[in-house]
Structure formats: C-alpha cells, structure tokens
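Report on the following structure.
This is the structure in structure tokens:
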C-alpha cells in the first residue's frame, strides 16, 4: 500500500510504500511542544519504504541518553512531517496527521505516559509505557 503525507502548504511530501512497523503515541514534553497538542502520533517505517521530496529544514534535538532526534519540517509553513531518531536506526517516523487519513491504523503503543495528561484516554487496547520501552 502507498500513502502520502504532506505539510500544510504541500511543499514537503513523504510517500511510504508499506504498512507501518508501528504506530505510537508519545506524551513527552518535547512532542507536546512540537505539536502544540498534548501528544503526538507517529507511524514508523523502515527507511527503504520512505521517499521524501520537497524542501525541508532540520531541527536536531537531544533525546534520551544523549541520542539525537532530527525533525524535518517545511521551511514555508513550519509543519513537521517526518523525523529520524538515533533510538530507531534505519527507521523514519512520519506524523500520522500529515497523512490526513481517517482510516489510518490506530496506535499500538503509548509511550512517556509519565507526562500524559490525566484526561487523555483511548477507546481501544494498546500497550502502555511510563517512559520509552527498551
């Protein structure tokens, strides 16, 4: 299956040629700041299944234990479309909202729940982690 995600203005696009290896919700403070919401939802793919096109700027931030996360965002509209994280070498995360697909597979795990807002709840079963699973 092929899906396309893109930024708000459409300049930065990502095409994926497989189903995601995982779909996860992250409640960490950095994801809350990045999205402007109380959590982020990312779909994770092997790099060979992802093709990006269009201009992007990269913001590198520190992750856990000194690892880096490289966020690729559109220089025109500022939308973060995808990222690469040292914790997942060989993988790419894509913002699920950038697919704009109401039929996208639901999250299978929820991480950094130590930072989760108490009123956030999911209507389906998923694995829960207080931090990042090992």
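Numbering (the working numbering), first residue to last: 215 to 348.
We put the CB at the ideal spot given by N, CA and C, even for glycine.
Note that the structure is predicted; figures quoted are calculated from it, not measured.
Find the nearest neighbour of residue 292 within the set 303, 273 and 281, judged by alpha-carbon distance.
273
Taking the straight line between their C-alpha atoms, what separation do you get for residue 295 and residue 228?
8 Å
Could you pull the start and end residues of the alpha helix (DSSP H) that residue 244 belongs to?
Note, residue 244: alpha helix (DSSP H), 243-249.
Report the residue from 284, 230 and 268 whose alpha carbon sits nearest the alpha carbon of residue 223.
Nearest in C-alpha terms to residue 223, of all of 284, 230 and 268, is 268.
Measuring straight from C-alpha to C-alpha, what distance separates residue 318 and residue 280?
32 Å
To which residues of the same chain is residue 241 closer than 6 Å at the C-beta, ignoring the five residues directly before and after it?
The residues are 253, 326, 327, 329 and 330.
Which full runs of the beta strand (DSSP E) of 3+ residues lie inside the segment 272-313, going along the chain?
282-287, 294-299 and 305-309
Got a sec? Which residues, its chain only, sit under 6 Å from residue 237 by beta carbon, not counting five neighbours each side?
Spatial neighbours of residue 237 in its own chain (CB-CB distance under 6 Å, excluding positions within 5 residues in sequence) are listed in chain order as 257, 319, 321 and 322.
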